[in-house]
Amino acid sequence: PLSAANTQFSLNLFKKIRGGNASGNVFYSPISISSALAMVSLGAKGNTATQMFK
Numbered sequence: 001p002l003s004a005a006n007t008q009f010s011l012n013l014f015k016k017i018r019g020g021n022a023s024g025n026v027f028y029s030p031i032s033i034s035s036a037l038a039m040v041s042l043g044a045k046g047n048t049a050t051q052m053f054k
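Quick note on numbering: the UniProt record's numbering labels position 30 of the sequence shown as 30, and the sequence is numbered without any gaps.
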């Protein structure tokens, strides 16, 4: 389902943003990033669309 995919995306993104640095605070909006990527994907064509949907 979509909610499980969004949760997995959020956790994977957090791990990438945080990197190896476990100290300090991290603030981001996974739903905003997910929404922006969804809007961009609607206009993507050709190789760009192929890469986005991998």
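For glycine and all other residues, C-beta sits at the position ideal for the given N, C-alpha and C. These numbers were taken from a predicted model, which means no experiment stands behind them.
Exercise. Can you tell me where the alpha helix (DSSP H) with Pro30 in it begins and where it stops?
Worked result: 30-43
Problem set entry | Spatial distance of Gly24 from Leu42 (CA atoms) | Gly24 and Leu42 have their C-alpha atoms roughly 35 Å apart.
For this session: Measure the alpha-carbon distance for Lys15 versus Ala22 and round it to whole angstroms.
Result: Computed Cα separation, rounded: 10 Å.
Exercise. Which value, in whole angstroms, describes the spacing of the CA atoms of Lys45 and Leu37?
Worked result: 14 Å
Exercise. Do Leu13 and Pro30 come within 7 Å of each other at the CB atom, strictly closer than that value?
Worked result: Closer than 7 Å, so yes.
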